[in-house]
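Student: Let me begin by handing over the structure; questions about it come next.
Protein chains: 2
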Amino acid sequence: MTGPRFTPLAQSLPSTVPFVGPEAQERAMGHPFDARLGANENIFGPAPSAIAAMQDTASRIWMYGDPESHDLRNALADFHNASRSNIVVGEGIDGLLGYVVRLLIHSGDTVVTSLGAYPTFNYHVAGFGGELHSVPYKNDAEDLPALLAKAKEVRAKLVYFANPDNPMGSWCSGPEIVSQIDDIPDGCVLLIDEAYVELAPEGTAAPVSIDDPRVIRMRTFSKGYGMAGARVGYALGNAEFIKAFEKIRNHFGMNRASQAGALAALQDTEWLSQTQEKVAAARNAITDIAAKYGLKALPSATNFVAIDCGRDGTFAKLILDGLVANGIFVRMPFVAPQNRCIRISCGSERELALLDAALETVLADHNC
Amino acid sequence: MTGPRFTPLAQSLPSTVPFVGPEAQERAMGHPFDARLGANENIFGPAPSAIAAMQDTASRIWMYGDPESHDLRNALADFHNASRSNIVVGEGIDGLLGYVVRLLIHSGDTVVTSLGAYPTFNYHVAGFGGELHSVPYKNDAEDLPALLAKAKEVRAKLVYFANPDNPMGSWCSGPEIVSQIDDIPDGCVLLIDEAYVELAPEGTAAPVSIDDPRVIRMRTFSKGYGMAGARVGYALGNAEFIKAFEKIRNHFGMNRASQAGALAALQDTEWLSQTQEKVAAARNAITDIAAKYGLKALPSATNFVAIDCGRDGTFAKLILDGLVANGIFVRMPFVAPQNRCIRISCGSERELALLDAALETVLADHNC
Numbered sequence: 001m002t003g004p005r006f007t008p009l010a011q012s013l014p015s016t017v018p019f020v021g022p023e024a025q026e027r028a029m030g031h032p033f034d035a036r037l038g039a040n041e042n043i044f045g046p047a048p049s050a051i052a053a054m055q056d057t058a059s060r061i062w063m064y065g066d067p068e069s070h071d072l073r074n075a076l077a078d079f080h081n082a083s084r085s086n087i088v089v090g091e092g093i094d095g096l097l098g099y100v101v102r103l104l105i106h107s108g109d110t111v112v113t114s115l116g117a118y119p120t121f122n123y124h125v126a127g128f129g130g131e132l133h134s135v136p137y138k139n140d141a142e143d144l145p146a147l148l149a150k151a152k153e154v155r156a157k158l159v160y161f162a163n164p165d166n167p168m169g170s171w172c173s174g175p176e177i178v179s180q181i182d183d184i185p186d187g188c189v190l191l192i193d194e195a196y197v198e199l200a201p202e203g204t205a206a207p208v209s210i211d212d213p214r215v216i217r218m219r220t221f222s223k224g225y226g227m228a229g230a231r232v233g234y235a236l237g238n239a240e241f242i243k244a245f246e247k248i249r250n251h252f253g254m255n256r257a258s259q260a261g262a263l264a265a266l267q268d269t270e271w272l273s274q275t276q277e278k279v280a281a282a283r284n285a286i287t288d289i290a291a292k293y294g295l296k297a298l299p300s301a302t303n304f305v306a307i308d309c310g311r312d313g314t315f316a317k318l319i320l321d322g323l324v325a326n327g328i329f330v331r332m333p334f335v336a337p338q339n340r341c342i343r344i345s346c347g348s349e350r351e352l353a354l355l356d357a358a359l360e361t362v363l364a365d366h367n368c
Numbered sequence: 369m370t371g372p373r374f375t376p377l378a379q380s381l382p383s384t385v386p387f388v389g390p391e392a393q394e395r396a397m398g399h400p401f402d403a404r405l406g407a408n409e410n411i412f413g414p415a416p417s418a419i420a421a422m423q424d425t426a427s428r429i430w431m432y433g434d435p436e437s438h439d440l441r442n443a444l445a446d447f448h449n450a451s452r453s454n455i456v457v458g459e460g461i462d463g464l465l466g467y468v469v470r471l472l473i474h475s476g477d478t479v480v481t482s483l484g485a486y487p488t489f490n491y492h493v494a495g496f497g498g499e500l501h502s503v504p505y506k507n508d509a510e511d512l513p514a515l516l517a518k519a520k521e522v523r524a525k526l527v528y529f530a531n532p533d534n535p536m537g538s539w540c541s542g543p544e545i546v547s548q549i550d551d552i553p554d555g556c557v558l559l560i561d562e563a564y565v566e567l568a569p570e571g572t573a574a575p576v577s578i579d580d581p582r583v584i585r586m587r588t589f590s591k592g593y594g595m596a597g598a599r600v601g602y603a604l605g606n607a608e609f610i611k612a613f614e615k616i617r618n619h620f621g622m623n624r625a626s627q628a629g630a631l632a633a634l635q636d637t638e639w640l641s642q643t644q645e646k647v648a649a650a651r652n653a654i655t656d657i658a659a660k661y662g663l664k665a666l667p668s669a670t671n672f673v674a675i676d677c678g679r680d681g682t683f684a685k686l687i688l689d690g691l692v693a694n695g696i697f698v699r700m701p702f703v704a705p706q707n708r709c710i711r712i713s714c715g716s717e718r719e720l721a722l723l724d725a726a727l728e729t730v731l732a733d734h735n736c
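So the sequence lines, in the order shown, correspond to chains X and G.
Residues in the first sequence are numbered consecutively from 1, following our numbering.
Residues in the second sequence are numbered consecutively from 369, following our numbering.
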């Protein structure tokens, strides 16, 4: 009796996962976290109108979602002054990243990202047999000129660039990106992950022509719109490129309530404004807490703040472990020198007070 | 300015989709269907407890779902007298089928299914470059001995077998399947799609040993549990096989509200019993409606009934088009001779009365 014959690629893949969820950590600890500040979730939540739309749809959840996400794509097309054919809706940016990689990358194809950038992208590249090249951060920011130069050098088919960046919170202006568009090598696609862009300063979104076949942008309802658990993201790009997703995507993969919730969330601009204010205030509060203990918070255009713990990765990990032991779920960058930081998601006053107290305890434990 | 360089496989794929959604048909018609009886959705809906769980979770949807679906898998493990390590939860069976195909099939690998069986499986096989072989239905049922013989002949890595079958509603007893397990060729996996099994006679589920590496079974909350729009399915199998999903699945792909809804639905056995009764009654009602017009309904172990229109596929398509034009969303098998039938999902009294009236009109139009 023999088992399944996995593909050589599947056999070669590690069983590691990009992220362990906070629930798994809670089960291991035997108690829940007091503050959930590690996954850049938006604790201020979705608009009440979005919650209502999801709740209302729950009673009709016996119906599959519209496989075309027609109404949501229509609204997004209006929002972006584009056409429905420029937009594909998918199961979060994570899902869409997988689709893009699958469309472009097969064994041995080259891909470029920043060393220490979003691991789920790397997971997909490995998952389809791509060869990943990376360039270091520069001043704690993703270095677009270096990424494009590396892409040219290795004849990459795909470059990943998050703006704003995760895990550092740094960003680059939209026009600055556009000024480099012609440096994208022939036959290479620049993927701009704009997951956090609603929380960034005006002008951060790259004003790339929607028809430009060299660029694909990704957006999500997980961050600014506070709907991480609903799994709604979308890609914006050239209609030909977007059409290719039809060949491989899970057409009936969208949750019907999530489609309705995202549509309502998009229309509630007042709630988004309030969220932007709350997030900005929380960033300042985290910065102040860090400063109180002599630590430096990095500037952030996202709903999280990287706090420089002032020494190396080992030390930052001690602080992180201490916070976790004190009931605060946080994460940290994976790679030096960015791993001198811990990454704190914006919380409300309650969570930030808990963070403050825990940080005081942990730093005292380490004689800081 | 060049565009993306798609993989040769991506370039070769057609842009056709497995199914057009009813919403797209409604937009084309300019009005909604009066009765939605085409997608084998469960109009009797999820348990009120499941709806409540989803609604309650909507206000906490700012949190990602647990990537391990721990609580749901725990409950499913109890339900199946298995271990959590035997279960992977995914974005509906559609999503899980994609994962299985991706794990096993690369360019040129052979796969076997029934001619006219679930097209989304075929879509995934094509999407990963597999070579699909098919065997015809036998007496309107999937022919397991022939499928396994074909698998041996073409050295298939994967065989798809739906029990009960869609689109015909036919089924085979679980023990009958188990009696053929040793006919699975070496290195081949038998995938049993049990999407409709909660609606089938006792004893239809295949009592395969959970540790048998030759079989993987799939279940869903879309049909018996009435949660198609929530996108929750799971695969049951050997722990080693299940573990392989960790290498490629979208770990944060599950909707948090859907996880909670599925957990509640699983526990509400009373609601499932009621659904089973309602579905059985609706099957009988559809059979009676068909008989009233001299048409023969096929026996069904699902929440739909195939009605033999008595002539060929062209004629059945006329009837189907007529029903659609009369506001009734229905679908039909794709392949002869099964395409002599139309496939009607179970409805409540209102929908079945509309079906009855529309069928009378349409048959009269065609002088039947």
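Just so you know, even glycine gets a beta-carbon here, dropped at the ideal spot from N, CA and C.
Tell whether a beta-carbon distance below 8 Å holds between Ser-300 (chain X) and Gly-174 (chain X).
Tutor: Not a contact, by the Cβ cut-off of 8 Å.
Student: On the CB-based measure, 16 or more other CB atoms within 10 Å of its CB, does Asp-462 (chain G) come out buried or exposed?
Tutor: So Asp-462 (chain G) ends up on the buried side.
Student: In three-state DSSP terms, what is Gly-690 (chain G)?
Tutor: Here Gly-690 (chain G) sits in helix by DSSP.
Student: Going by DSSP, name the residue or residues bridged to Gly-130 (chain X).
Tutor: According to DSSP, which records beta bridges pairwise, Gly-130 (chain X) is partnered with nothing at all.
Student: Would you say Asn-166 (chain X) and Asn-74 (chain X) are within 8 Å of each other, going by their C-beta atoms?
Tutor: No.
Student: Tell me the rounded alpha-carbon separation between Asn-339 (chain X) and Ile-319 (chain X).
Tutor: So the two alpha carbons sit approximately 12 Å from each other.
Student: Rank X:His-106, X:Ala-117, X:Met-227 by C-alpha distance to the C-alpha of Gly-130 (chain X) and give the top, closest one.
Tutor: The residue with the shortest Cα to Cα distance from Gly-130 (chain X) is X:His-106.
Student: Would you mind stating whether Ser-69 (chain X) and Gln-259 (chain X) have Cβ atoms separated by less than 8 Å?
Tutor: Yes, Cβ-Cβ distance for Ser-69 (chain X) and Gln-259 (chain X) is below 8 Å.
Student: Which residues, taken in chain order from the stretch 241 to 270 of chain X, show a beta carbon closer than 8 Å to some beta carbon of chain G?
Tutor: Flagged, chain order: Phe-241, Lys-243, Ala-244, Glu-246, Lys-247, Ile-248, Asn-250, His-251, Phe-252, Gly-253, Met-254, Asn-255, Arg-256, Ala-257, Ser-258, Gly-261.
Student: Is it the case that the Cβ atoms of Ile-43 (chain X) and Glu-240 (chain X) are separated by a distance below 8 Å?
Tutor: No; because the gap between Cβ atoms is not below 8 Å, this pair is not in contact.
Student: Between the Cα of Leu-191 (chain X) and the Cα atoms of X:Gln-276, X:Ala-244, X:Leu-298, X:Arg-219, which residue gives the shortest distance?
Tutor: Measuring from the Cα of Leu-191 (chain X), the nearest candidate turns out to be X:Arg-219.
Student: Give the DSSP bridge partners of Ala-75 (chain X), in chain order.
Tutor: For Ala-75 (chain X), which the question treats as bridged, DSSP gives no partner whatsoever.
Student: Considering only the beta carbon of each residue, do Pro-46 (chain X) and Gly-224 (chain X) sit closer than 8 Å?
Tutor: Against a cut-off of 8 Å, the Cβ pair of Gly-224 (chain X) and Pro-46 (chain X) comes out as no contact.
Student: For the beta strand (DSSP E) that Phe-161 (chain X) lies in, which residues bound it at each end?
Tutor: First-last of the beta strand (DSSP E) with Phe-161 (chain X): 158 to 162.
Student: Alpha carbon to alpha carbon, how far is Ile-51 (chain X) from Ala-149 (chain X)?
Tutor: Those two C-alpha atoms are separated by around 45 Å.
Student: Which two residues bound the contiguous alpha helix (DSSP H) that contains Ile-461 (chain G)?
Tutor: Element bounds for Ile-461 (chain G): 460 to 472.
Student: On the three-state DSSP scale, how would you describe Tyr-123 (chain X)?
Tutor: Here Tyr-123 (chain X) sits in helix by DSSP.
Student: Starting from Met-586 (chain G), follow its DSSP beta bridges and name the residues at the other end.
Tutor: Per DSSP, G:Asp-561, G:Ala-603.
Student: Does Gln-423 (chain G) get closer than 8 Å to chain X when you measure Cβ to Cβ?
Tutor: With 8 Å as the cut-off, Gln-423 (chain G) counts as an interface residue toward chain X.
Student: Terminal residues of the continuous alpha helix (DSSP H) containing Thr-287 (chain X)?
Tutor: Run containing Thr-287 (chain X): 269 to 292, per the alpha helix (DSSP H) assignment.
Student: Do the stretch 382 to 392 of chain G and the stretch 108 to 119 of chain X meet, that is, are 3 or more Cβ pairs less than 8 Å apart?
Tutor: These segments do not touch.
Student: Tell me, which residues are paired with Ala-665 (chain G) by DSSP?
Tutor: Bridge partners of Ala-665 (chain G): G:Ile-675.
Student: Looking at the unbroken beta strand (DSSP E) that takes in Arg-370 (chain X), where does it start and where does it end?
Tutor: Residue numbering for chain X in the displayed model covers 1 to 368; residue 370 (chain X) lies beyond these limits and cannot be assessed.
Student: Taking C-beta pairs closer than 8 Å, name the residues in chain G that His-106 (chain X) reaches, listed in chain order.
Tutor: Those within 8 Å of His-106 (chain X) in chain G are Thr-375, Pro-376, Leu-377.
Student: Within its chain, find whatever has a CB closer than 6 Å to the CB of Leu-377 (chain G); leave out the 5 residues flanking it on each side and keep chain order.
Tutor: Answer for Leu-377 (chain G): Gly-497, listed in chain order.
Student: Quick check: the Cα distance between Glu-544 (chain G) and Leu-663 (chain G), rounded to an integer number of angstroms?
Tutor: Approximately 30 Å between the Cα atoms of the pair.
Student: Using a Cβ-Cβ cut-off of 7 Å (strictly less than) and excluding sequence neighbours within five positions of Tyr-99 (chain X), which residues of its own chain qualify?
Tutor: Excluding residues within five positions, the ones whose Cβ falls inside 7 Å are Gly-90, Phe-245, Ile-248, Arg-249.
Student: Return helix, strand or coil for Ile-181 (chain X), following the three-state DSSP convention.
Tutor: The answer is helix: DSSP assigns Ile-181 (chain X) an H, G or I state.
Student: Can you grab the Cα-Cα spacing for the pair Lys-520 (chain G) / Arg-582 (chain G), in whole Å?
Tutor: Taking the straight line joining both Cα atoms gives about 14 Å.
Student: Using a beta-carbon distance cut-off of less than 8 Å, what residues from the stretch 394 to 407 of chain G approach chain X?
Tutor: If the cut-off is 8 Å between Cβ atoms, the stretch 394 to 407 of chain G has Arg-395, Arg-404, Ala-407 near chain X.
Student: Just checking: is the beta-carbon of Tyr-432 (chain G) within a distance shorter than 8 Å of some beta-carbon in chain X?
Tutor: At least one chain X Cβ lies under 8 Å of Tyr-432 (chain G).
Student: How many angstroms separate the CA atom of Arg-428 (chain G) from the CA atom of Arg-711 (chain G)?
Tutor: Going by the C-alpha atoms only, they are around 39 Å apart.
Student: With DSSP collapsed to three states, give me the class of Ile-87 (chain X).
Tutor: Strand at Ile-87 (chain X).
Student: Can you have a look at Pro-164 (chain X) and say buried or exposed, based on whether 16 or more other CB atoms are within 10 angstroms of its CB?
Tutor: With 16 or more other Cβ atoms within 10 Å, it is buried.
Student: DSSP three-state call for Ile-696 (chain G): helix, strand or coil?
Tutor: DSSP places Ile-696 (chain G) in strand when its eight states are reduced to three.
Student: So Pro-18 (chain X) contacts chain G; which residues on that side make the cut at Cβ distance below 7 Å?
Tutor: Correct list: His-619.
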